[in-house]
Amino acid sequence: MTILELLRKETRDAHIELEQVSGAAKILDHTINLEQYVKILQANYIAYAKAESQLVPLQNESIAAWIKQDLQAARAEVPNSKEEVTVQDSNLGKLGVQYVIEGSLLGGAMIAQHLTKCPAIENLPPQQFYAAGSPERAKRWRNYVAHMNSIDLTPQESKEIVEAANQTFNMFKQASLLNGIH
C-alpha cells in the first residue's frame, strides 16, 4: 500500500467527521445564508492559518490569505488566529498537514460549483477560497502526490504522517465546532 493509499484509508473517518460539521452541506444543497457562509469562512481561516503556520516557509500561496480576502469582500470580521498550536513539528508531520491542506483544494473546487447557485450569497464577488479548479491549484496537488510517491518510508514514518493528518483534520473539525457551524 502506498503512503497516499494509507493516508486515504487511515484518515477516512476524520475526513467524514469534518465534512459533517464543516457547513459545506449547506452550500451543496444551496440553503446557506450569508451569516452561515461567513462562519464557514471564519472557521476555515482559523484552521488554515494554524495549519499553514506549521509549514513555514510556505512553498505555496497561502490559503488563509485567500479566505481573508473573501471575508473582507463579505465585510466580515477576520478572526484572530494567533493561538499557538502544534500538530507536528517534524518534516514527516508536515507531510501529513500538507495532505489535508493540498487535498482540500480539490474539494473546494467542487464546492465552488455550487456557490453561485446559493441565492443568499450569489451577489458576493468571485471567491478566492471556494474557487473553480485552476491549473495552478491542480499542480499543487500533483506536486504533493509526486513528492509522496518519490520517498521511501518506514512503517513508523508512515504512521507519523498519518497521525499528523488525522490531527489536522481534527483541528479543522474543532474550528468548525467552536465557530458554531453544524
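Heads up: the sequence shown begins at -2 in our numbering, then just goes up one per residue.
Every residue, glycine too, gets a C-beta built ideally from N, C-alpha and C.
All values derive from a computational prediction rather than experimental measurement.
What number of angstroms, rounded off, separates the C-alpha of residue i from the C-alpha of residue j?
| i | j | result |
| --- | --- | --- |
| Trp138 | Ser131 | 11 Å |
| Glu157 | Leu89 | 7 Å |
| Ser87 | Pro116 | 44 Å |
| Lys23 | Gln66 | 21 Å |
| Ile64 | Glu58 | 12 Å |
| Ala21 | Ser78 | 21 Å |
Take residue i as the anchor and find which of the options has the nearest alpha-carbon.
| i | options | result |
| --- | --- | --- |
| Ile62 | Glu154, Asn167, Ser87, Tyr127 | Per the sequence shown, residue 62 should be read as Ala rather than Ile. Out of Glu154, Asn167, Ser87, Tyr127, Tyr127 has the C-alpha closest to the C-alpha of Ala62. |
| Glu2 | Lys114, Glu133, Asn146, Gly105 | Asn146 |
| Ile178 | Met107, Pro76, Gln33, Arg9 | Gln33 |
| Pro76 | Thr113, Ile37, Lys114 | Ile37 |
Less than 8 Å between the C-beta atoms of residue i and residue j, yes or no?
| i | j | result |
| --- | --- | --- |
| Ala109 | Ala129 | yes |
| Ile0 | Ser101 | no |
| Glu49 | Ile60 | yes |
| Tyr96 | Ala162 | yes |
| Asn176 | Gln39 | yes |
| Leu68 | Val35 | yes |
| Leu121 | Ala71 | yes |
| Ala172 | Ala44 | yes |
| Val159 | Glu7 | yes |
| Leu55 | His111 | no |
By Cβ distance, which residues of its chain are closer than 6 Å to residue i, with the 5 residues on each side in sequence left out?
| i | result |
| --- | --- |
| Ile98 | Ala48 |
| Gly105 | Tyr127 |
| Asn41 | Ile64 |
| Lys114 | His27 |
Round the Cβ separation of residue i and residue j to the nearest angstrom and send it over; I've been treating them as touching at under 8 Å.
| i | j | result |
| --- | --- | --- |
| Thr165 | Val94 | 5 Å |
| Ile118 | Leu31 | 6 Å |
Could you pull out every residue in the same chain whose Cβ sits closer than 7 Å to the Cβ of residue i, ignoring the five residues on either side in sequence?
| i | result |
| --- | --- |
| Leu174 | Val18 |
| Leu150 | Ile0 |
| Leu103 | Trp138 |
So, for residue i: in the same chain, excluding its five sequence neighbours on each side, which residues have a beta-carbon less than 8 Å away from its beta-carbon?
| i | result |
| --- | --- |
| Lys91 | Gln51, Leu52, Gln85, Ala161 |
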